[in-house]
Ligand SMILES: [Zn+2]
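In the numbering used here, the protein residues as written are 44 to 180.
In structure tokens:
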């Protein structure tokens with residue numbers, strides 16, 4: 044199967060297309076011909092990454108780590124308050140200065156919107172594309 048796209052997300056319980064078990068943490072794979080399959084993480088490992096060489100595995104793990112990092116950032120930003128942000132801006136992946144506490148944005152809300160609507164989705168997309176490129180098929 045030639046893979047066009049892989050994405051990971053949480054959903055209401057659905058069935059894994061491989062083993063039939065109920066899954067919430069879903070790996071959605073779109074094949075080159077447009078076919079979409081949903082796998083639980085165990086089946087994703089068994090079907091997609093277990094047979095790879097060590098070098099390929101390392102690349103795949105780097106991409107998976109980047110995806111997890113940005114998924115975590117998404118969760119942080121969804122509940123982040125302005126106070127918490129100003130106390131620890133460096134923690135949230137944004138270059139902040141005293142003069143421009145919200146970087147290129149005018150306000151915290153604008154910055155938050157940009158993080159959640161632009162930066163984080165773009166970074167996740169890039170890491171997912173990197174993951175697909177790391178797979179030999
Ligand atoms: Zn399964």
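In this text, a Cβ means the ideal position worked out from N, Cα and C, and glycines have one as well.
Rounded to a whole number of angstroms, what is the C-alpha to C-alpha distance between residue i and residue j?
{"i": "residue 161", "j": "residue 54", "result": "22 Å"}
{"i": "residue 108", "j": "residue 149", "result": "31 Å"}
{"i": "residue 131", "j": "residue 120", "result": "13 Å"}
{"i": "residue 86", "j": "residue 147", "result": "43 Å"}
{"i": "residue 59", "j": "residue 84", "result": "9 Å"}
{"i": "residue 79", "j": "residue 73", "result": "4 Å"}
{"i": "residue 167", "j": "residue 97", "result": "24 Å"}
{"i": "residue 14", "j": "residue 52", "result": "Nothing in the structure corresponds to residue 14, since the chain is present only between 44 and 180."}
{"i": "residue 175", "j": "residue 125", "result": "36 Å"}
{"i": "residue 31", "j": "residue 69", "result": "What the structure shows of the chain is the stretch from 44 to 180, and residue 31 is not part of that stretch, so it cannot be assessed."}
{"i": "residue 93", "j": "residue 65", "result": "22 Å"}
{"i": "residue 127", "j": "residue 141", "result": "15 Å"}
{"i": "residue 48", "j": "residue 82", "result": "13 Å"}
Got a sec, what are the start and stop residues for the alpha helix (DSSP H) residue i sits in?
{"i": "residue 116", "result": "97 to 122"}
{"i": "residue 170", "result": "163 to 177"}
{"i": "residue 61", "result": "Residue 61 -> no alpha helix (DSSP H), and no H or E assigned at all."}
{"i": "residue 87", "result": "84 to 87"}
Considering just the uninterrupted stretch of the beta strand (DSSP E) at residue i, what are its terminal residues?
{"i": "residue 127", "result": "It is not in any beta strand (DSSP E) - residue 127 instead sits in the alpha helix (DSSP H) that spans 125 to 130."}
{"i": "residue 154", "result": "Where residue 154 is concerned, there is no enclosing beta strand (DSSP E), although the alpha helix (DSSP H) it sits in stretches over 151 to 157."}
{"i": "residue 52", "result": "46 to 58"}
Give the C-beta separation of residue i and residue j to the nearest angstrom, bearing in mind that I take them to be a contact with Cβ-Cβ under 8 Å.
{"i": "residue 170", "j": "residue 110", "result": "4 Å"}
{"i": "residue 145", "j": "residue 151", "result": "6 Å"}
{"i": "residue 123", "j": "residue 137", "result": "Not a contact, Cβ separation roughly 11 Å."}
**Q.** Chain-ordered list of residues that sit, by beta carbon, closer than 5 Å to a heavy atom of ligand 1
**A.** 59, 61, 62, 83 and 86
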